[in-house]
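The structure appears below as C-alpha cells.
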Amino acid sequence: MVGHKLVDLIARRDGADAWELTVVGEERRPAYDRVHLSRLFDGSEPDDLTLGRDAYLAGGPVQELVAETVTSIDRDRRTATTSGGRMFEWDVCVLATGSAPFVPDVPGRSLPGCFVYRTIDDVKAIKEWATGRRHGVVVGGGLLGLEAADALRRCGLVAEIVEYAEWLMPSQVDAGGGDLLNELVERLGFAVHTSTSVACVESGDDGAVAAVSLAVRGDEDAAPLATEMVVFAAGIRPRDELARQCGLDVAPRGGIVVDEQCRTSDPAIFAVGECASYEGRVYGLVAPGYDMARAAADAIVGDGRSVFAGGDTPTKLKLLGVDVATFGDAHGRQPGSSSIVFTDRLSGVHKRLVVDGSGRITGGVLIGDCRGFEVMASMAAGELASPESPAELLAPGLSGSQESPALSGVVALPPTTTVCSCENVAKAAIVDAIGSGLDRSEPVDVGLIKSATRAGTGCGGCVPQLTELLRSELEQRGVEVSRNLCAHFPQSRQELFDLIRVEGITTFSEVLARHGRGRLGCEVCRPTVASILASLTDRYVLDGEDAALQDTNDHFLANIQKDGTYSVVPRAPGGEITPEKLIVLGQVAKEFRLYVKITGGQRIDLLGARVDDLPAIWARLIDHGFESGHAYGKALRTVKSCVGSTWCRYGVQDSTSLAVDLELRYRGLRSPHKIKMAVSGCVRECAEARGKDVGVIATERGWNLYVCGNGGSRPRHADLLAEDLSTDELIRLTDRFLMYYIRTADRLQRTSVWLENIEGGIDHVRQAVVDDSLGLADDLEAAMATHVARYRCEWAETLANPAYLSRFRSFVNTDQPDPDIVVVEERAQPRPAQEWERVELLAGRP
Numbered sequence: 030m031v032g033h034k035l036v037d038l039i040a041r042r043d044g045a046d047a048w049e050l051t052v053v054g055e056e057r058r059p060a061y062d063r064v065h066l067s068r069l070f071d072g073s074e075p076d077d078l079t080l081g082r083d084a085y086l087a088g089g090p091v092q093e094l095v096a097e098t099v100t101s102i103d104r105d106r107r108t109a110t111t112s113g114g115r116m117f118e119w120d121v122c123v124l125a126t127g128s129a130p131f132v133p134d135v136p137g138r139s140l141p142g143c144f145v146y147r148t149i150d151d152v153k154a155i156k157e158w159a160t161g162r163r164h165g166v167v168v169g170g171g172l173l174g175l176e177a178a179d180a181l182r183r184c185g186l187v188a189e190i191v192e193y194a195e196w197l198m199p200s201q202v203d204a205g206g207g208d209l210l211n212e213l214v215e216r217l218g219f220a221v222h223t224s225t226s227v228a229c230v231e232s233g234d235d236g237a238v239a240a241v242s243l244a245v246r247g248d249e250d251a252a253p254l255a256t257e258m259v260v261f262a263a264g265i266r267p268r269d270e271l272a273r274q275c276g277l278d279v280a281p282r283g284g285i286v287v288d289e290q291c292r293t294s295d296p297a298i299f300a301v302g303e304c305a306s307y308e309g310r311v312y313g314l315v316a317p318g319y320d321m322a323r324a325a326a327d328a329i330v331g332d333g334r335s336v337f338a339g340g341d342t343p344t345k346l347k348l349l350g351v352d353v354a355t356f357g358d359a360h361g362r363q364p365g366s367s368s369i370v371f372t373d374r375l376s377g378v379h380k381r382l383v384v385d386g387s388g389r390i391t392g393g394v395l396i397g398d399c400r401g402f403e404v405m406a407s408m409a410a411g412e413l414a415s416p417e418s419p420a421e422l423l424a425p426g427l428s429g430s431q432e433s434p435a436l437s438g439v440v441a442l443p444p445t446t447t448v449c450s451c452e453n454v455a456k457a458a459i460v461d462a463i464g465s466g467l468d469r470s471e472p473v474d475v476g477l478i479k480s481a482t483r484a485g486t487g488c489g490g491c492v493p494q495l496t497e498l499l500r501s502e503l504e505q506r507g508v509e510v511s512r513n514l515c516a517h518f519p520q521s522r523q524e525l526f527d528l529i530r531v532e533g534i535t536t537f538s539e540v541l542a543r544h545g546r547g548r549l550g551c552e553v554c555r556p557t558v559a560s561i562l563a564s565l566t567d568r569y570v571l572d573g574e575d576a577a578l579q580d581t582n583d584h585f586l587a588n589i590q591k592d593g594t595y596s597v598v599p600r601a602p603g604g605e606i607t608p609e610k611l612i613v614l615g616q617v618a619k620e621f622r623l624y625v626k627i628t629g630g631q632r633i634d635l636l637g638a639r640v641d642d643l644p645a646i647w648a649r650l651i652d653h654g655f656e657s658g659h660a661y662g663k664a665l666r667t668v669k670s671c672v673g674s675t676w677c678r679y680g681v682q683d684s685t686s687l688a689v690d691l692e693l694r695y696r697g698l699r700s701p702h703k704i705k706m707a708v709s710g711c712v713r714e715c716a717e718a719r720g721k722d723v724g725v726i727a728t729e730r731g732w733n734l735y736v737c738g739n740g741g742s743r744p745r746h747a748d749l750l751a752e753d754l755s756t757d758e759l760i761r762l763t764d765r766f767l768m769y770y771i772r773t774a775d776r777l778q779r780t781s782v783w784l785e786n787i788e789g790g791i792d793h794v795r796q797a798v799v800d801d802s803l804g805l806a807d808d809l810e811a812a813m814a815t816h817v818a819r820y821r822c823e824w825a826e827t828l829a830n831p832a833y834l835s836r837f838r839s840f841v842n843t844d845q846p847d848p849d850i851v852v853v854e855e856r857a858q859p860r861p862a863q864e865w866e867r868v869e870l871l872a873g874r875p
C-alpha cells in the first residue's frame, strides 16, 4: 500500500513524465487494500480491494512486475537484479518491502492447519481450511489478532485468542482499558487467554493440527487445547533482507534506518513503510506509512520540504464491533505524566486522559465510546487548548456543565487539524474544496471532497466527519441542505409522516397530489409512503393501490432468496414453541421440500418455497396456530430471550414471559427499518440485548432498558435509557421510544444511525421519552395502544380473500409452477478438501 502511494504521488507531480518508474512486487496481483482484508470473509472479491490505478498509470511510463522479487542490489553500479533474471539500472531506489508475520519458534508451527493472516492468499487458504471445521486458535491479541479471530468467526468457527501480555492490544491501550477490552471480547463469544503462550502445536492421526499446548506465564505445565487450525498473528518483522544484502544500516531490532526524508545510509536509496525504522521505531499502520511516502516523494521529485516526523498517530478503530481510539502519549511515558480515568463496566466504556504537570492533555485511550476523539487528539497535538478541568471531557457535569466540549465534533476543530490521517488532509483543505465546488457551481457532496482532496479514500473512517463538515459548511454559506425524500417530495420522511398523520391521508395518490409532484412516484417514495400508511392505518398492506407500492418482499409477504424462491418464517414469540408446532413445521418442510434453519433470532426459517406454494404452506401453518413473523417487512422481527429465572440458576427475572409479551405487543409494527429486540434474565446477557434496537436486562430491582443497539453491518452497543423499571414502566417507555423513532427517523434508518444523527444523542431521547420534555408522551402511548388494538395477521387476511391469492403464481398468464426451479432439499454437508468434486447446478438442468 505504501509503495503504491509513493508511485501515485510521484505520478501526480508536474514533470513526472521525465521519470521512468519500475515497480517490482512479490505478490501475484497489483497493490491492494490490506486494511480491509477482512471484507473477503463477507463476500467481497480480491479485485474489490485493488487500489485505484488511474493516476498510478497516468503520470508517465510505469512498468509493473508482479510475482517477481528483487534478489540483490548493487549500490556501486546502481542496479537491481530480480528473481526473473532481469537487471534494472536506477537513479533512485526505494525499498517498500513491508513486513513479514512473526511466527513464534514453537514445535509444530509448520503443520497443515497453521496459517498467518497477512495477504489475500492467506485469506483464501484460511477460508478453504475452515470449511467443515469448528474450532480455531489465534496466537496474538493485538490489532491483527482480533481481526483474525473475527475472520474465523465469520467462517463459522469458535475462535479462542492467546496473548502473551496481560491484556489484549497491549501496544495501544492501558491496563484498565485492556482489562475491559478482554471482558468485551469475551462477551462477544471469544475465549481469551492472556499471560499465556503456545508451547507447541500438536498433530493428529492425519498429520494436521489437532491441539495446542498452552503455557500460562509462571506455570511450568502446559495444558492441551483441542483445535483444528491455528492462525499466528503475533506481530510483524521488517523485511530488511535487501538492505542487509547491500550493506545499508539496519536498526538493532530490525528495520532499515532512515532519516526524516526517509533516506537510508545511501542517499540514493529510500525506504518507506513497515520495512523502515525511524529513530529506532518501526510503524505498523498505514497512516504513518503514507506520511513516509509523502516525504520520500517530495525528496525525489519535489523541493524536499516534506518530512516524516514520526510520533504517535491518532488512531480510531472498530475491532469486533468495539470502538477503540488512542492518541498522543497514550501510556503516559513522558516524565511528570498523570492520568484521569473514567470506567463504566456496565456500559462497556473506558476513557483515560494523560496530562502533564501543567494539566495539558498529552494523550489518551478511549474504549466503547469514542465521542470527542478528534477534539481530544487535537488538544494532545497542541492544536487546541486543553480545558481547565480535563475531567469534563470524560464525564460531563462534574462542574455543573451538561455537555462536554469534546462532543462538539469536527466542526469545532481548528483549520490545521488533520481530519483524514491516511491521506494527511487537514480540515482547511476540505473546507477549501467545498468552497471551490460552490464557486464553480458544481454539485457538492462527499464524492467531490474525496476527488479533490483524497480524504476518505484510505480506510474510510473519516467519512462521517467529512459529511458533518460538508453539512456545516453548506449551512454557514447559506446553501440549503436538502433533506428531501426524493425528487417527487420536497419533504423529509419525518415531515411527510406528520403531514399524512395530521391530515388523515390514507392513499399514496392523495399524498402525492397534495404534497408531491409527478404522477407515479419512484422506488424511494413509494415504499416509504407505504410504510408510513401501514404505521398509521389498519388497512391490509396489499389492498387497493397499496399493493403497487410494496417492494418485492412485501409484495408476496415473504423474503425472496438469491435463487428466486422465498422463505417462510412464522412467529415464535420469545423463541417459545410447543412440540405440536414443531411437528407441524417438520411436516410442512418435508411435504414442500423446504430447507430448515434455526435463525439467530430464535425462529425457524423454512427456505426454498415457490411463490405458488406460499398460500398452501401458510394455510397449514395458520390452521395450527402460527401467524406471520413479518420477516419480510420493515417491522418488528423478533424478541430474543434466554430462559430466565424459570430455568436458569443465574436468572433474576422471568425474561421469557416478558419477551413473549413484548413480541405480541409490537408484532406487525411497521417502521423505517426492521426492529430487533431481546430480553436477558440477568447481567450475564445470554440474549445479547445490548446488540439490539431495544434491549432489556433484568436486575434484582427490575429491568434496565437499552436502546439503539445494532449487531449488523455497523455494530453498536445500545445505550442505557432507564434503569430499575417495573414491567409496566418498561412497557410504557418502550411504547414511547418506538413511536418516537417511527415518527422522526429517515427512511431505511436503523435506530443506531438515527441516534447518531439526533442532536443531543441519547440525552435528547431520554428527555423526550422518559422525562416527556416535548409533551408527547400521551400521544405516543395512545398511538401504540391503537396499533396493539387493531393488529391482524397479514397472512390470515390473505388466505381469507380469494382476490388476494391471485397474485401468488409464477407467471401472470398461467397457474403452472416454474419448471426451471431446482429444489435442494438439504444444504450439502462439508467434506474434507480431498473429497471435493466440482458440481454445477443450472436452473432446470440437474
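One gets our numbering by counting positions in the sequence shown from 1 and adding 29 to each.
Every residue gets a Cβ at the ideal spot worked out from N, C-alpha and C, and that includes glycine.
Item	Value
From C304 to L124, what distance separates their C-alpha atoms?	8 angstroms
Would G603 and V689 qualify as a contact pair, given that the criterion is a beta-carbon distance under 8 angstroms?	yes
For G393, tell me which candidate among Y695, L623, D474 and V353 has the shortest Cα-Cα distance.	V353
Going by C-alpha distance, which of L636, L578 and S564 is nearest S596?	L636
Would you give the residue range spanned by the beta strand (DSSP E) that A300 belongs to?	I298 to A300
Taking the alpha-carbon positions, what's the D62 to T445 distance?	27 angstroms
Taking only runs of the alpha helix (DSSP H) that begin and end inside the region 536-616, which ones reach a length of at least 4 residues, in chain order?	537-544, 554-565 and 581-585
Let me check understanding here. Comparing Cα to Cα, which of E192, G397, T536 and W48 lies closest to L172?	E192
Is the beta carbon of G284 sitting closer than 8 angstroms to the one on V351?	no
Once DSSP output is grouped into helix, strand and coil, what is the label at W732?	strand
Buried or exposed for A406, going by 16 or more other Cβ atoms inside 10 Å?	buried
Alpha carbons only, please: which of R745, L754, G629 and E810 is nearest the one belonging to W783?	R745
Under the rule that 16 or more other beta-carbon atoms within 10 Å means buried, what is A563, buried or exposed?	buried
Taking DSSP as the reference, what is the three-state secondary structure of M30?	coil
So the candidates are L693, K456, S709 and R362; which of them puts its Cα closest to the Cα of R821?	L693
Helix, strand or coil for Y61? Go by DSSP, reduced to three states.	strand
With a threshold of 8 angstroms, are at least 3 pairs of Cβ atoms found where one atom belongs to the region 529-549 and the other to the region 580-590?	no
Could you check which residue in S501, F526, R506 and L762 has the C-alpha nearest to that of N513?	F526
Taking the continuous alpha helix (DSSP H) assigned at M706, which residues delimit it?	That residue, M706, is in no alpha helix (DSSP H); its beta strand (DSSP E) goes I704 to S709.
Do R364 and G388 have their C-beta atoms within less than 8 angstroms of each other?	One point to set straight first is that residue 364 is Pro, not Arg, in the sequence displayed. Result no, Cβ atoms of P364 and G388 do not sit closer than 8 angstroms.
Which of the three DSSP states, helix, strand or coil, is assigned to L495?	helix
In whole angstroms, what separates the C-alpha of S368 from that of W732?	35 angstroms
I'd like the list of long-range same chain contacts for L186, defined as Cβ closer than 7 angstroms, with 5 residues on each side in sequence excluded.	A159, R162, R163, H164 and G165
Identify the continuous alpha helix (DSSP H) that holds D764 and give its terminal residues.	T756 to T773
Just verifying my parser: in three-state terms, what is the DSSP assignment at A627?	In the sequence as displayed, the identity of residue 627 is Ile instead of Ala. Strand at I627.
What residue range does the beta strand (DSSP E) around F144 cover?	C143 to V145
Within 10 angstroms of the Cβ of N830, are there 16 or more other Cβ atoms? Answer buried if so, exposed if not.	exposed
Would you mind sorting G429 into buried or exposed? The rule is 16 or more other CB atoms within 10 Å of its CB.	In this prediction, G429 scores a pLDDT of 41, lower than 50, which makes its location untrustworthy; no coordinate-derived value is stated.
Out of curiosity, what's the CA-to-CA distance linking T594 and A638?	5 angstroms
Considering Cα atoms alone, identify which of S128, F261, V227 and Q201 is closest to R246.	V227
Less than 8 angstroms separating the beta-carbons of G339 and Y307?	yes
Quick check for students: name the residue ranges of the alpha helix (DSSP H) that lie wholly in the region 153-185, counting only runs of 4 or more.	172-183
Which partner residues does H746 have in the DSSP bridge list?	Beta-bridge pairing links H746 to no other residue.
Touching or not, the region 230-240 and the region 130-148, by the rule of three or more beta carbon pairs under 8 angstroms?	yes
Less than 8 angstroms separating the beta-carbons of T675 and T667?	no
Taking only the alpha-carbon atoms, compute the straight-line gap between D748 and L375 and give it to the nearest angstrom.	10 angstroms
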